[in-house]
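One structure below.
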Amino acid sequence: MYQAYVPQQQQRIQQLALRLLLRKHLVAVQGAELDDRLRLRIAGMAVVPILELGLDWYDRWQTLILYDGPFVAEHSWEDEFGIVHQEVSERSGEAWERGPVVLSLEDVWHSGRGDGYNVVIHELAHTLDMRDASANGAPPLHAGMDAAAWQRDMQAAWDDLAQRAELGQPLPVDEYALEDPAEFFAVLSETFFEQPAPLREAWPKVYGHLVGFYRQDRLRQR
Ligand SMILES: [Zn+2]
Numbered sequence: 004m005y006q007a008y009v010p011q012q013q014q015r016i017q018q019l020a021l022r023l024l025l026r027k028h029l030v031a032v033q034g035a036e037l038d039d040r041l042r043l044r045i046a047g048m049a050v051v052p053i054l055e056l057g058l059d060w061y062d063r064w065q066t067l068i069l070y071d072g073p074f075v076a077e078h079s080w081e082d083e084f085g086i087v088h089q090e091v092s093e094r095s096g097e098a099w100e101r102g103p104v105v106l107s108l109e110d111v112w113h114s115g116r117g118d119g120y121n122v123v124i125h126e127l128a129h130t131l132d133m134r135d136a137s138a139n140g141a142p143p144l145h146a147g148m149d150a151a152a153w154q155r156d157m158q159a160a161w162d163d164l165a166q167r168a169e170l171g172q173p174l175p176v177d178e179y180a181l182e183d184p185a186e187f188f189a190v191l192s193e194t195f196f197e198q199p200a201p202l203r204e205a206w207p208k209v210y211g212h213l214v215g216f217y218r219q220d221r222l223r224q225r
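The opening position of the sequence shown corresponds to residue 4 in my numbering, with each subsequent residue numbered one higher.
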């Protein structure tokens, strides 16, 4: 439950969640069913990242589409020889620039259970990342934040994660983070809100940058 995030701020989360539900469309498709409780649960997780930033940070998307299970994403792309390839893959969520955010209800159900996994925060972190130009692993930083330090410390954490993964060591975040810099930021964001302590222990500087960006520190709110 989203109540687990920031116990002292439950009321603010709930109020912001209700405001989000007034502004955005939550649409269930392909047999998915949404009741008020589930809407509130999803909205409650959705507003956690922007609790101190404000709802305007989500003004690039209006609709959240919910599938029943994992959904099948179809992408076609043309290679250098002009051959069009169809790529079909199973996804738990997807976010596009200025497009709707797509989530699988099954994965929503597994989110926010305290094991670090949260597809709602993950996909919405992508939308924050995409606010400046493209999904490049860095959202627009606030005035006073050091972009060069952000870049440097993220890179160091990336290298460390890659090394740990290669050595088969325990990982502070899901290995999926190494997919690309955008996934790195999305997975870091999930972990930042779901399992902040091991993240801070592994990469204190990265943790500090995330505190600076999200303007929250769950480890201080306890
Ligand atoms: Zn992702």
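Using N, Cα and C, we set each Cβ at its ideal position, and we do this for glycine too.
query	result
The segment 207 to 220 in contact with the segment 184 to 198 per 3-pair CB rule at 8 angstroms	yes
In chain order, each beta strand (DSSP E) run of at least 3 residues that lies wholly inside the segment 87 to 158	87 to 94, 96 to 98 and 104 to 107
Q219, buried or exposed, once every other Cβ within 10 Å from all chains shown has been counted against 16	buried
Cβ-Cβ distance between L58 and V30 below 8 angstroms	no
Distance between L131 and Q18 (C-alpha atoms, nearest Å)	21 angstroms
C-alpha gap between R167 and P175, whole angstroms	9 angstroms
Proximity test, E186 beta-carbon vs ligand 1 heavy atom, cut-off 7 angstroms	yes
Nearest to D110 (by Cα), restricted to the options H125, P103 and G102	H125
H129: CB within 7 angstroms of a non-hydrogen atom of ligand 1	yes
C-beta atoms of P52 and L127 nearer than 8 angstroms	yes
Euclidean distance between Cα positions of Q172 and G115	25 angstroms
Local conformation of L41 per DSSP, three classes	helix
Beta-carbon separation (whole angstroms), Q12 vs L54, contact threshold 8 angstroms	7 angstroms
Contact test: V189 Cβ vs ligand 1 heavy atom, cutoff 7 angstroms	One detail in the question is off: residue 189 reads as Ala in this sequence, not Val. Result yes, Cβ under 7 angstroms from ligand 1.
Check whether G102 and W64 have beta carbons under 8 angstroms apart	yes
Whether L56 touches K27 by CB criterion (8 angstroms)	no
V30 in three-state terms, based on DSSP	strand
Rounded separation between M4 and I45 - CA only	Because M4 sits at a pLDDT of 43, beneath the cut-off of 50, its placement in the model cannot be relied upon, and the following sentence gives the value as read from the coordinates. Taking the straight line from one Cα to the other gives about 9 angstroms.
Simplified DSSP state of P201, which is helix, strand or coil	helix
For R134, the nearest candidate out of L202, D62 and G119 (CA to CA)	D62
H129 burial status per 10 Å Cβ neighbour count (16 or more: buried)	buried
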